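**Q**
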Amino acid sequence: MKESILAVRRAIDELDLDGIGAIVGRCLEEGLSPEEIIQEGISPGLAIVGQKFEEGEYFLADLIMAGEVVKEAMPLLKDRMNPGNDGGKGTVVLATVAGDIHEIGKNIVGMILSANGFEVIDLGVDVPAGKIMEAAQSSGARFIGLSALLTTMVDSIREVVDAARSTGLRDKVRIVIGGACTSQELCTEMGADAYGETAIDALRIFNGYAAGA
Amino acid sequence: MHAIERVLNALAGKPTDHVPTFCAMVEDRTFNEVLGKPLIPQELLMGNPAARFVLDRWGRALTRPVFQPEVNRGLEKRIRAQVELGFDSVWAILDETFIVIDHATMVRFNGSIFNLQPDGFGNMTYMYRGPGIKSREDFEAWPYWPDADDLAHSTYRFFRKMVSRYGHRACLFGQGPAYGIQESLLWAVGFERMPVWIRREKDLVKRYIDLNEEICLKTNMALIDAGVPVVIQTDDFAFKSGPIMNPKLIDELFGPSYRRIIKAVHDRGAKYVLHSCGDNTLLFDTFVSWGVDGLHAYENTSNVDILKEKRLHGDKVTIIGGVGVDYLLTDRSRDEEVVTEVKRLIGELGPGGRFIIAPVHSLSSIPAHKLRVMVDAVARYGAYPISVS
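Chains as they are written, first to last, in my numbering: chain X, 848 to 1060; chain B, 46 to 434.
Shown next as structure tokens:
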């Protein structure tokens, strides 16, 4: 493997915000394609960061930082990328449920999913079930990610699941929940498909669905 | 033993006659249930077209002369309700951090923006909307920084009254118009921006921390001068699954400020309690090294293991919290479930002292009745030597 590709991995692993641009530029100059850089450099780099997060070596701020490092690299790659390769793992509609306006966790998940090849439609906060279904229908999304922090708003998760049933989408979309007030028990109670405790959990779950779908 | 002596003894690691109680603040629904509902619900009052017009047009100008006294009356109701509920120690806050921008928007003076919205129980509350400082230019132009001396004066005036009215009945944990230095930075610049700023905008981050340290120091000294025996500070350093950032970085960035603040509090003879939500397991050693007397939250919904913490740090710091607000202190639980959990916490955390039982958080959905059940259960089962069987 070329040293420059390993340097991309290293830059992400070491959260080298200031160095990544030059490193990716060098890869392009050496004739590597954007797809190769993403596949061989960025994705494995993010996987290392994710593993370090799970092992307790890295923290949430480091995940954000890794996302920012990738963000620095992406404009350089996007200009030269073949259309259709971005967001290849599928579309995820993300929202903080109705009544809740907390978005930090949702934004982290969005950033991690985007950096890992998902097309993310972020509807923002306090989003009613109907709007989530509209977005899923119009985009053809197969995945929905719901965030809830407030205990008082957990019923909004059920409303989304019910809306998916009533619009005939329930069998076509996977609904994953996360956030401070959520749990595996709540996931089962509300009829969602999966619960992710962390952003890396969410990535693993959506990756699993994307690979199996 | 008087409630105040009980609480101060627990914070000092001295014996107490009983496991003390602390109320982690009450919101409008709860204090209305204790003290009686207002004739006109806040939501109706604030939501009518005339009020909206006034707030949209003159919100900023009216914030301190008109709205602040009304806010202060609400804050006093919170203290009174906590005392009436029978807690040994109560969270007393002066929130003079907001400026009303319009009927739906408030800013906090140190850089964050909040929605003003109904709480679902006929009252108004606020929720974080986003950062107000998104660039170096925003920081330099931010127009709402207060004069820390003015804040200290109003803190002193407010707490003199609170101490004279309630300070003989319960131990006041006072929080002036200052939020935690780290969480204020996070809210002001946004979570996605904060790690980048820490790396790239070191001078701005340092200036931000220094400004907030000055506010904390001066208002904390005013609290103590007013007779408040315990200073409490919120600063949420963790999420559900762990610290927001590397504990070493937290200590490097915020440790020097907290060490200076806590030393100043101790030098004046008061105690210092830090409230930090989430799983702080990796941070407890850091907090202890800063000199805190007590730590509050130990959120049951996070991954923190309160029993393990009792074993690890129970001789160095007083553990405050334990009672969940996600289920137990809601309308959904049964009274006997609250009693069972209180007994369990007392049985496991009470022996050896340095434990103050408390809700892990305030929440607008907490019914006053469940807090009474909790206090009654502690009165029944919390006497030393502990025997909860």
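Note that the Cβ used here is the ideal one computed from N, Cα and C, for glycine as well.
Since this is a predicted model, take the numbers as computed values, not measurements.
Just to confirm the assignment: which complete alpha helix (DSSP H) runs, minimum length 4, are found wholly within the segment 169 to 200 of chain B?
**A** With a minimum length of 4 residues, the continuous alpha helix (DSSP H) runs that stay inside the segment 169 to 200 of chain B are 181 to 186.
**Q** So what does DSSP say about residue 224 of chain B, is it helix, strand or coil?
**A** Locating residue 224 of chain B in the second sequence gives position 179, where the first residue counts as 1. Three-state DSSP puts residue 224 of chain B in coil, outside helix and strand.
**Q** Alpha carbons only, please: which of X:1022, X:848, X:860 is nearest the one belonging to residue 942 of chain X?
**A** As a working note, residue 942 of chain X is residue 95 in the first sequence. Nearest option by C-alpha distance: X:1022.
**Q** Could you check the C-alpha separation between residue 916 of chain X and residue 935 of chain X for me, to the nearest Å?
**A** Taking the first sequence and counting its residues from 1, one reaches residue 916 of chain X at position 69. Taking the first sequence and counting its residues from 1, one reaches residue 935 of chain X at position 88. Computed Cα separation, rounded: 21 Å.
**Q** Let me confirm a value: residue 459 of chain B is counted as buried when at least 16 other C-beta atoms fall within 10 Å, else exposed. Which label applies?
**A** Nothing can be reported for residue 459 of chain B: it is not among the residues displayed for chain B, which extend from 46 to 434.
**Q** Tell me, to the nearest whole angstrom, how far the beta carbon of residue 375 of chain B is from that of residue 399 of chain B; I am working on the premise that it is less than 8 Å.
**A** Position 330 of the second sequence, counted from the first residue, corresponds to residue 375 of chain B. Position 354 of the second sequence, counted from the first residue, corresponds to residue 399 of chain B. Incorrect: roughly 28 Å between the Cβ atoms, too far for contact.
**Q** Note down the Cα distance separating residue 1046 of chain X from residue 194 of chain B, rounded to an integer number of angstroms.
**A** To locate residue 1046 of chain X, count along the first sequence from 1; it is residue 199. To locate residue 194 of chain B, count along the second sequence from 1; it is residue 149. Their backbone Cα atoms lie some 43 Å apart in a straight line.
**Q** Under the rule that 16 or more other beta-carbon atoms within 10 Å means buried, what is residue 321 of chain B, buried or exposed?
**A** For the purposes of this step, residue 321 of chain B is taken as the residue at position 276 of the second sequence. So residue 321 of chain B ends up on the buried side.
**Q** Can you have a look at residue 103 of chain B and say buried or exposed, based on whether 16 or more other CB atoms are within 10 angstroms of its CB?
**A** Here residue 103 of chain B is taken as the residue at index 58 of the second sequence, counted from 1. Label assigned to residue 103 of chain B: exposed.
**Q** Kindly indicate which residue of X:1052, X:862, X:913 has the alpha-carbon position closest to the one of residue 1043 of chain X.
**A** The count along the first sequence starts at 1 and reaches residue 1043 of chain X at position 196. Cα-wise, what sits closest to residue 1043 of chain X is X:1052.
**Q** Measure the C-alpha to C-alpha separation of residue 358 of chain B and residue 268 of chain B and round it to an integer number of angstroms.
**A** By 1-based counting over the second sequence, the position of residue 358 of chain B is 313. By 1-based counting over the second sequence, the position of residue 268 of chain B is 223. Going by the C-alpha atoms only, they are around 28 Å apart.
**Q** Given the structure, does residue 381 of chain B come close to the ligand NAP, in the sense that its CB is under 6 Å from one of the ligand's heavy atoms?
**A** What this structure holds is no ligand at all, so the ligand NAP is not there to describe.
**Q** Give the straight-line distance between the Cα atoms of residue 372 of chain B and residue 851 of chain X, rounded to the nearest whole angstrom.
**A** Taking the first residue of the second sequence as 1, we reach residue 372 of chain B at position 327. Taking the first residue of the first sequence as 1, we reach residue 851 of chain X at position 4. Their backbone Cα atoms lie some 53 Å apart in a straight line.
**Q** If the cut is a Cβ gap below 7 Å, which residues of chain B does residue 1045 of chain X touch?
**A** Within the first sequence, numbered from 1, the residue matching residue 1045 of chain X stands at position 198. Those within 7 Å of residue 1045 of chain X in chain B are 286.
**Q** Give me the residue from B:139, B:263, B:351, B:225 with the minimum Cα distance to residue 326 of chain B.
**A** Taking the first residue of the second sequence as 1, we reach residue 326 of chain B at position 281. Out of B:139, B:263, B:351, B:225, B:351 has the C-alpha closest to the C-alpha of residue 326 of chain B.
**Q** Just curious, the beta strand (DSSP E) that residue 31 of chain B is in, first and last residue?
**A** Since the first residue of chain B shown is 46 and the last is 434, residue 31 of chain B is not available in this structure.
**Q** Report back the beta-carbon spacing between residue 912 of chain X and residue 240 of chain B to the nearest angstrom; my notes put them in contact at under 8 Å.
**A** Walking along the first sequence from the start, residue 912 of chain X turns up at place 65. Walking along the second sequence from the start, residue 240 of chain B turns up at place 195. Between residue 240 of chain B and residue 912 of chain X the Cβ distance is about 5 Å, and since that is below 8 Å, they are a contact.
**Q** Drop a sphere of 10 angstroms on the beta-carbon of residue 46 of chain B, count the other beta-carbons inside from all chains shown, and report buried for 16 or more, exposed for fewer.
**A** Residue numbering aside, residue 46 of chain B sits at position 1 when the second sequence is read from its first letter. Under this definition residue 46 of chain B is an exposed residue.
**Q** Please check if any C-beta of chain B sits within less than 7 Å of the C-beta of residue 867 of chain X.
**A** Locating residue 867 of chain X in the first sequence gives position 20, counting from the first residue. Not one chain B Cβ lies under 7 Å of residue 867 of chain X.
**Q** Using alpha carbons as the reference points, say which of B:141, B:311, B:378 lies closest to residue 270 of chain B.
**A** Translated into the one-based positions of the second sequence, residue 270 of chain B becomes position 225. Residue 270 of chain B has its Cα closest to that of B:311, out of B:141, B:311, B:378.
**Q** How do the segment 417 to 429 of chain B and the segment 378 to 391 of chain B stand: do at least 3 beta-carbon pairs fall below 8 Å, yes or no?
**A** With the cut-off at 8 Å, the segment 417 to 429 of chain B and the segment 378 to 391 of chain B touch.
**Q** Quick check on the DSSP output: what are the complete alpha helix (DSSP H) runs of length 4 or more inside the segment 67 to 95 of chain B, in order along the chain?
**A** 73 to 80, 87 to 92, all fully within the segment 67 to 95 of chain B.
**Q** Just the C-alpha distance for residue 335 of chain B and residue 56 of chain B, rounded to the nearest angstrom, thanks.
**A** Position 290 of the second sequence, counting from 1, holds the residue named residue 335 of chain B. Position 11 of the second sequence, counting from 1, holds the residue named residue 56 of chain B. Spanning the two alpha carbons is a distance of roughly 15 Å.
**Q** Whole angstroms is fine: what's the gap from residue 159 of chain B's alpha carbon to residue 429 of chain B's?
**A** Position 114 of the second sequence, counting from 1, holds the residue named residue 159 of chain B. Position 384 of the second sequence, counting from 1, holds the residue named residue 429 of chain B. Residue 159 of chain B and residue 429 of chain B: Cα-Cα distance of roughly 45 Å.
**Q** If distances are taken between C-alpha atoms only, which option among B:140, B:169, B:136 comes closest to residue 149 of chain B?
**A** In the second sequence, residue 149 of chain B corresponds to position 104, counting from 1. For residue 149 of chain B, the nearest C-alpha among the options comes from B:169.
**Q** Buried or exposed for residue 199 of chain B, going by 16 or more other Cβ atoms inside 10 Å?
**A** Numbered from 1 along the second sequence, position 154 holds the residue referred to as residue 199 of chain B. By the 10 Å Cβ count, residue 199 of chain B comes out buried.
**Q** Could one say the Cβ of residue 965 of chain X lies closer than 7 Å to chain B's Cβ atoms, at least one of them?
**A** Here residue 965 of chain X refers to the residue found at position 118 when the first sequence is read from its first residue. Judged by the 7 Å Cβ criterion, residue 965 of chain X is not in contact with chain B.
**Q** Quick one: does residue 907 of chain X have its CB under 7 Å from some CB of chain B?
**A** As a position in the first sequence, residue 907 of chain X is number 60, starting the count at 1. Interface residue, yes.
**Q** Determine the DSSP secondary structure at residue 288 of chain B, reduced to helix, strand or coil.
**A** Mapped onto the second sequence, residue 288 of chain B falls at position 243. DSSP places residue 288 of chain B in strand when its eight states are reduced to three.
**Q** Classify residue 160 of chain B as helix, strand or coil using the three-state DSSP reduction.
**A** In the second sequence, the residue the question calls residue 160 of chain B occupies position 115. Reduced to three states, the DSSP call for residue 160 of chain B is strand.
**Q** How about the segment 213 to 225 of chain B and the segment 283 to 293 of chain B: do they share at least three Cβ pairs that are nearer than 8 Å?
**A** Result no; under three Cβ-Cβ pairs closer than 8 Å.
**Q** Indicate whether residue 1019 of chain X and residue 994 of chain X have their beta-carbon atoms separated by less than 7 Å.
**A** Within the first sequence, residue 1019 of chain X is the residue found at index 172, counting from 1. Within the first sequence, residue 994 of chain X is the residue found at index 147, counting from 1. Not a contact, by the Cβ cut-off of 7 Å.
**Q** By the three-class DSSP mapping on this structure, what secondary structure does residue 965 of chain X have?
**A** On the first sequence, residue 965 of chain X is found 118 positions in, with the first residue counted as 1. The answer is strand: DSSP assigns residue 965 of chain X an E or B state.
**Q** How would you call residue 115 of chain B, buried or exposed, if buried means at least 16 neighbouring beta carbons within 10 angstroms?
**A** For this step, residue 115 of chain B is matched to residue 70 along the second sequence. It counts as exposed.
**Q** Give the residues of chain B in contact with residue 1027 of chain X, contact being defined as C-beta atoms less than 7 Å apart.
**A** If you number the first sequence from 1, residue 1027 of chain X lands on position 180. Within 7 Å Cβ-Cβ: 285, 346.
**Q** Measuring only the C-alpha atoms, how far is residue 930 of chain X from residue 853 of chain X?
**A** Mapped onto the first sequence, residue 930 of chain X falls at position 83. Mapped onto the first sequence, residue 853 of chain X falls at position 6. In this prediction, residue 930 of chain X has a pLDDT of 49, which is less than 50 and means its spatial position is unreliable; nothing more can be read from the coordinates.
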